[in-house]
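**Q** After the C-alpha cells below, expect a handful of questions from me.
Chains as they are written, first to last, in the numbering used here: chain A, 1 to 259; chain B, 1001 to 1259.
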C-alpha cells in the first residue's frame, strides 16, 4: 500500500507539535518525456532526520535540487521555512539558501581556493557586513566542529576523501542552517570514514537542532541517521515509516533493498 | 545515409550557434548590472593578462625576428633592404601581431577557461556557488569575459613592441641599423589607419576567446571526457572566430576608407 508522508506525519505523535520546516506538496518534475517526480509529497519537522532512499535514477537528487532552487518543479509547491521556493525572487532565494545547507555528493569544494577561502566564501556572500575577526572565528569554529582545524591553509587537492567530505560539511555548517540537505553523504567513502561522517551528522543534528533530509543508499547510514525513512519508487513516495517498519516490510519491492 | 549525417552535423552546428548567441546576449544584458565582482575580475586580469605575458612576449619576439630574417633576402634582391623596418612594422601592427597574439591567447586562455569551468561544472562547484548566494554567471563568466576583452589589447600592444624589438635584432644580424633609425622608420610610416583598426579588432578577439571558453566550459557535458572536449573545442572555435572577425574587420576598414 502506498502511504504519503503527509498522511504518516499527521498520525505521528512524535511530530505532532513540532514546526514544519519543509513541506513538499504534490511535486511533479520531468525531463522531456521522462517523468522523474510524480505527485511527490513530504513534510519535515524541526530537529528531525528524514532519509530518502530508492534506486539510482528514481529522482532523489532531482528532489533536493528542486528544494534548494537549482531545478524548478513542473507542478506542485515546495515550502521551505514558510516560503514557497517556486515563487521566490533572487533575493528571497538567497535568503532561503542562507538557512538551508546543501552537502553535495561530490563535495563541490572550490579547487582554486584554500580550505579557509572555501569556508569564507558563503559567509562573505550571505553575511556581507561581517568583520574579518568574526569571519576568522566562524571559520575556525566550523572547522573545529568537524575536527579539521589543522587543514585551514591546505588546498582541497591535499586532502583525503573523508577530509574533503568533512570540510564540505563544515562549509555547509558555517551559516548555521536550520535545514541540511545531504546528497549521498557516505558514497565513495570506506566504511570507517563513512561511519565517522554518520556520527558527525548525528552530532550536528543534536548540537544545532537542525532538520535534515538525507539521500542515501547506504543501509548503515539510513539505519543510524533516520528518524523516518521514505522509499522513493518511480518518482512517488512508495513507503514511509521508521527504519524498522520499512526494513521488515514484506513488500517484495522494499524487501529487495534490504536483502 | 550521408544526407542524414550532413543534416545532423548542420543541425548541431546551427543549434550551437544559437546557444552561443543566447549565451552572449545573456552576458551583454548582465555584465553592467550589480553585483560587481571586482575582486574576481582583478584576479582574472592578473591570471589572464599578466601570467600570459611570458608566452606572448616570447612568441612575439621570435615572430619579429623570424619575419625579418625571412623577408631580408627578397628585400636585398630588390634593393630595398632599408625598407625592412617599415614593412615589418606595418605587417606586425596591422595584422601579424594582433592575429598571432590572439591565437596564442586562444590556445592558452581559451583552453584554460574551458577546462576550468568544465571541471567546476562536472564537480558541481557551479551549483555550490549558486547555493552559496552567488550568481555563478556573473562570478565566473562576466569576470573572465571582461578580463579577456580588456587584457588581450594590452597584450597585443606589448607583443607588438617586443616583436618589433625582435625585428630590430633581426635587421642587425646581417646588417647595421641604429636603434634610433629603426624605430624612427617604423613610426614614421605607421598611420592612424594602421593602428586604430588593429587596436579595435583586438577587443573583439579577446571577447571571442572569453565568451567561447566560458560557453564551452559552462555547458560542459558530464565527465572528464567532456572537460577535455570543452578545452579543445574552446581553442578550435575561438581560433576560427578570430579569423572570421579579422575578415570582417578588414572589410569594414576598407569600407570606411582606412585601407
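Even for Gly, the Cβ is constructed at its ideal location relative to N, Cα and C.
Assuming the contact rule is C-beta atoms closer than 8 Å, residue 1242 of chain B and residue 1148 of chain B should be a hit. Round their C-beta distance to whole Å, please.
**A** Contact doesn't hold; Cβ gap of about 12 Å is too wide.
**Q** Between residue 1167 of chain B and residue 1088 of chain B, how many whole angstroms is the CB-CB distance? I'm expecting something under 8 Å.
**A** Contact holds; Cβ gap of about 5 Å.
**Q** Within a Cβ cutoff of 7 Å, which residues of the same chain sit near residue 92 of chain A, ignoring the five residues on either side of it in sequence?
**A** Taken in chain order, the residues that qualify are 83.
**Q** Quick one: give me the first and last residue of the alpha helix (DSSP H) that residue 211 of chain A is part of.
**A** Run containing residue 211 of chain A: none in the alpha helix (DSSP H); it sits in the beta strand (DSSP E), 211–215.
**Q** Apart from the five residues just before and just after residue 249 of chain A, which ones in its own chain have a Cβ nearer than 6 Å to its Cβ?
**A** Cβ neighbours of residue 249 of chain A beyond the five flanking positions: none.
**Q** Tell me which residues of the region 123–135 of chain A have at least one Cβ-Cβ distance to chain B shorter than 8 Å, keeping chain order.
**A** Those would be 125, 126, in chain order.
**Q** Would you say residue 149 of chain A and residue 140 of chain A are within 8 Å of each other, going by their C-beta atoms?
**A** A contact, by the Cβ cut-off of 8 Å.
**Q** Taking the alpha-carbon positions, what's the residue 33 of chain A to residue 1050 of chain B distance?
**A** Whole-angstrom Cα-Cα distance: 49 Å.
**Q** Taking residue 1073 of chain B as the reference, which of B/1206, B/1174, B/1200, B/1090 has the closest Cα?
**A** Among B/1206, B/1174, B/1200, B/1090, the Cα nearest to that of residue 1073 of chain B is on B/1174.
**Q** What does a CB cutoff of less than 6 Å around residue 176 of chain A pick up in its chain, not counting 5 residues either side in sequence?
**A** Once the five neighbours on either side are set aside, residue 176 of chain A has no close Cβ partner at all.
**Q** For residue 1075 of chain B, which residues of its own chain have a beta-carbon under 7 Å away from its beta-carbon, when the five flanking residues on both sides are left out?
**A** Around residue 1075 of chain B: 1081, 1083, 1084.
**Q** Using a Cβ-Cβ cut-off of less than 9 Å, give me the residues of the region 1122–1135 of chain B that come near chain A, in sequence order.
**A** Hits within the stretch, in order: 1122, 1123, 1124, 1125, 1126, 1127, 1128, 1129, 1130, 1131, 1132, 1133, 1134, 1135.
**Q** What are the boundary residues of the beta strand (DSSP E) that residue 113 of chain A is part of?
**A** Looking at the DSSP string, residue 113 of chain A is not in any beta strand (DSSP E), and its letter there is neither H nor E.
**Q** I need the boundaries of the alpha helix (DSSP H) containing residue 223 of chain A, first residue and last residue.
**A** 219–225 is the extent of the alpha helix (DSSP H) around residue 223 of chain A.
**Q** What does residue 98 of chain A touch in chain B if you count any residue whose Cβ is under 8 Å from its own?
**A** Ordered by position in chain B, the residues that pass the 8 Å Cβ test against residue 98 of chain A are 1133.
**Q** Can residue 266 of chain A and residue 217 of chain A be called in contact, C-beta distance under 8 Å?
**A** As displayed, chain A neither begins before 1 nor continues past 259, which places residue 266 of chain A out of reach and without an answer.
**Q** Comparing alpha-carbon positions, which option in B/1128, B/1229, B/1145 lies nearest residue 181 of chain A?
**A** Answer by Cα proximity: B/1128.
**Q** Listed in chain order, which residues of the region 78–107 of chain A have Cβ atoms closer than 7 Å to some Cβ of chain B?
**A** The residues in question are 94, 97, 98, 102, 104, 106.
**Q** Quick one: grab the DSSP three-state call for residue 88 of chain A.
**A** If DSSP states are grouped into helix, strand and coil, residue 88 of chain A belongs with coil.
**Q** Which partner residues does residue 126 of chain A have in the DSSP bridge list?
**A** In DSSP, residue 126 of chain A forms no bridge with anything.
**Q** Using a Cβ cut-off of 8 Å (strictly closer), state whether residue 68 of chain A contacts chain B.
**A** So yes, residue 68 of chain A belongs to the interface.
**Q** Give the C-beta separation of residue 1131 of chain B and residue 102 of chain A to the nearest angstrom, bearing in mind that I take them to be a contact with Cβ-Cβ under 8 Å.
**A** Correct: roughly 5 Å between the Cβ atoms.
**Q** Return the CA-CA distance between residue 144 of chain A and residue 228 of chain A, expressed in angstroms with no decimal places.
**A** Looking at the two C-alpha atoms, the distance is approximately 29 Å.
**Q** Looking only at DSSP bridge pairs, what is residue 34 of chain A linked to?
**A** Paired residues: A/31.
**Q** Classify residue 1017 of chain B as buried or exposed, calling it buried when 16 or more other Cβ atoms lie within 10 Å of its own Cβ.
**A** Burial call: exposed.
**Q** Does the CB of residue 110 of chain A have a neighbour CB from chain B at under 8 Å?
**A** Taking Cβ atoms only, chain B reaches closer than 8 Å to residue 110 of chain A, which makes this a yes.
**Q** Rounded to whole angstroms, what's the CA-CA distance from residue 1225 of chain B to residue 1257 of chain B? Just pull it up for me.
**A** When rounded, the distance between both Cα atoms is 48 Å.
**Q** According to DSSP, simplified to helix, strand and coil, what is residue 1015 of chain B?
**A** If DSSP states are grouped into helix, strand and coil, residue 1015 of chain B belongs with the helices.
**Q** Count Cβ pairs between the region 1102–1119 of chain B and the region 1006–1016 of chain B that sit closer than 8 Å; are there 3 or more?
**A** Because the criterion of three Cβ pairs below 8 Å is not met, the region 1102–1119 of chain B and the region 1006–1016 of chain B do not touch.
**Q** Can you check whether the CB of residue 1091 of chain B is closer than 8 Å to the CB of residue 1159 of chain B?
**A** Going by C-beta atoms, residue 1159 of chain B is not nearer than 8 Å to residue 1091 of chain B.
**Q** Would you call residue 1104 of chain B buried or exposed, if buried means 16 or more other Cβ atoms sit within 10 Å of its Cβ?
**A** Residue 1104 of chain B should be labelled buried.
**Q** Run through the region 1100–1124 of chain B for me and flag every whole alpha helix (DSSP H) of 4 or more residues, listed as ranges in chain order.
**A** Listed in chain order, the complete alpha helix (DSSP H) runs (minimum 4 residues) inside the region 1100–1124 of chain B are 1111–1122.
**Q** For residue 121 of chain A, which residues in chain B fall below 7 Å Cβ to Cβ?
**A** Near residue 121 of chain A (Cβ distances below 7 Å), the residues of chain B are 1132.
**Q** Nearest by alpha-carbon distance to residue 222 of chain A: which of A/77, A/178, A/186, A/73 is it?
**A** Selected option, being the one with the closest Cα: A/186.
**Q** Hey, quick one: how far does the alpha helix (DSSP H) through residue 1075 of chain B stretch, first residue to last?
**A** Run containing residue 1075 of chain B: 1053–1077, per the alpha helix (DSSP H) assignment.
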